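Mind the numbering: the sequence shown is residues 1 to 259 in the UniProt record's numbering, read in order.
No residue lacks a Cβ here, since even glycine has one placed at the ideal position from N, Cα and C.
Quantities reported herein were computed from a predicted structural model and do not represent experimental measurements.
Step one of this worksheet: look at the structure below.
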Amino acid sequence: MKSSISISNVNRIYKDSDGNRVEALKDVNLEIKPGEFISIIGPSGCGKTTLLRLIAGLDKPQTGQLFIDGAEITGADPSRGYVFQQGSLFPWLSVRNNIAYGLRARNVYKSKKENIENYIELVGLKGFEKSYPHQISGGMAQRVAIARALINEPKALLLDEPMGALDSFTRADLQDKLLELWKKDGTTMVLVTHDIDEAIYLSDRIVIMTPRPGKISKIIDVNLSRPRQRGSASFLDMRRQILEFFELAQAIPQPEYNI
Ligand SMILES: Nc1ncnc2c1ncn2[C@@H]1O[C@H](COP(=O)(O)OP(=O)(O)OP(=O)(O)O)[C@@H](O)[C@H]1O
Numbered sequence: 001m002k003s004s005i006s007i008s009n010v011n012r013i014y015k016d017s018d019g020n021r022v023e024a025l026k027d028v029n030l031e032i033k034p035g036e037f038i039s040i041i042g043p044s045g046c047g048k049t050t051l052l053r054l055i056a057g058l059d060k061p062q063t064g065q066l067f068i069d070g071a072e073i074t075g076a077d078p079s080r081g082y083v084f085q086q087g088s089l090f091p092w093l094s095v096r097n098n099i100a101y102g103l104r105a106r107n108v109y110k111s112k113k114e115n116i117e118n119y120i121e122l123v124g125l126k127g128f129e130k131s132y133p134h135q136i137s138g139g140m141a142q143r144v145a146i147a148r149a150l151i152n153e154p155k156a157l158l159l160d161e162p163m164g165a166l167d168s169f170t171r172a173d174l175q176d177k178l179l180e181l182w183k184k185d186g187t188t189m190v191l192v193t194h195d196i197d198e199a200i201y202l203s204d205r206i207v208i209m210t211p212r213p214g215k216i217s218k219i220i221d222v223n224l225s226r227p228r229q230r231g232s233a234s235f236l237d238m239r240r241q242i243l244e245f246f247e248l249a250q251a252i253p254q255p256e257y258n259i
């Protein structure tokens, strides 16, 4: 199950605390193919989360439209799963019940509850079903958050820096887990990340955004065969190209990225 996503002439303007206009997104256009893995990268404030929230239907553009499989996005829907950076689990629910939450919310718990064990296994959390969020590591918590979204069998999974707070080993592990899940279900993936290597490792295409106004400045096809080698010449060459683009755009100080 996979969705196409179409973003057409989208503008989203906010007001800051002084009442000034903030062009969070200006004239954004993007076509995402069914089953594609897209990463969105760019410096703080370039509109990445705003764009993801619009795709999720958690916010609306002032002008322009967003479509999923040809139907206009008018609100949130479980067919578009959303994974936050961290801390989104319900602390009072066990791992199992966090994952089961969507089934209960959609009134399909009885008919689908056998899926819970499958997803627990898929994200490698067997044995931790009864643990509570404070009893598991950050990486495990993010795997629970991903399983919680996936159990709703979304046609698109929207990921807002889900690995941002993790150490590099846990991050690499979760990246591989995400790829495994993507290969299995073919879900369309839209990942917001600050990490250039993560974007190259995972994506079919990388959307580069720049701020003031928030806009798409470049889209890069990642034509590297999978599984990808982080140290390969072609991988490093792509990273260099992206860094050079940012340097040319003078959009960010380099240390902001994990290089
Ligand atoms: N609810 C809001 N009210 C006012 N301004 C907002 C609001 N949400 C976002 N903005 C502004 O819109 C711009 C884009 O914000 P957004 O959070 O989408 O950026 P981002 O690229 O995700 O940043 P980061 O990488 O820091 O998370 C920023 O200037 C931000 O301050």
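The stretch 163–232 contains, as complete beta strand (DSSP E) runs of 3+ residues, the segments 188–192, 205–210, 215–221 (chain order). In the assembly as shown, Arg171 is a buried residue. Its beta-carbon has 16 or more other beta-carbons within 10 Å. In this structure, the C-beta of Tyr14 approaches ligand 1 to less than 7 Å from one of its heavy atoms.
Ordered by chain, the residues meeting the criterion of a beta-carbon within less than 5 Å of a non-hydrogen atom of ligand 1 are Tyr14, Val22, Ala24, Ser44, Gly45, Cys46, Gly47, Lys48, Thr49, Thr50. For Val108, no beta strand (DSSP E) segment is defined, and its DSSP state is neither H nor E. Cβ contact annotation for Phe90 (same chain, cutoff 6 Å, sequence separation greater than five): Asn98, in chain order.
The beta carbon of Asn29 is closer than 8 Å to those of Ile7, Ser8, Asn9, Val10, Ile216 in its chain, skipping five residues each way along the sequence. By alpha-carbon distance to Val22, the top candidate from Thr193, Cys46, Phe245, Asp167 is Cys46. Taken in chain order, the whole beta strand (DSSP E) runs of length 3 or more contained in the stretch 51–110 are 63–68, 80–83.
Ranked by Cα distance from Gly64, the options Leu243, Lys183, Asp27, Ala165 are led by Asp27. The beta carbons of Leu52 and Val192 sit about 5 Å from each other, so the pair counts as a contact at 8 Å. Where Tyr119 is concerned, the enclosing alpha helix (DSSP H) starts and stops at 114–122.
If you look at Leu157, you'll find it isn't in any alpha helix (DSSP H); it sits in the beta strand (DSSP E) that goes 156–160. Assignment of Ser8 by DSSP, reduced to helix, strand and coil, places it in the strand class. In this structure Ala71 is exposed. Its beta-carbon is surrounded by fewer than 16 other beta-carbon atoms within 10 angstroms.
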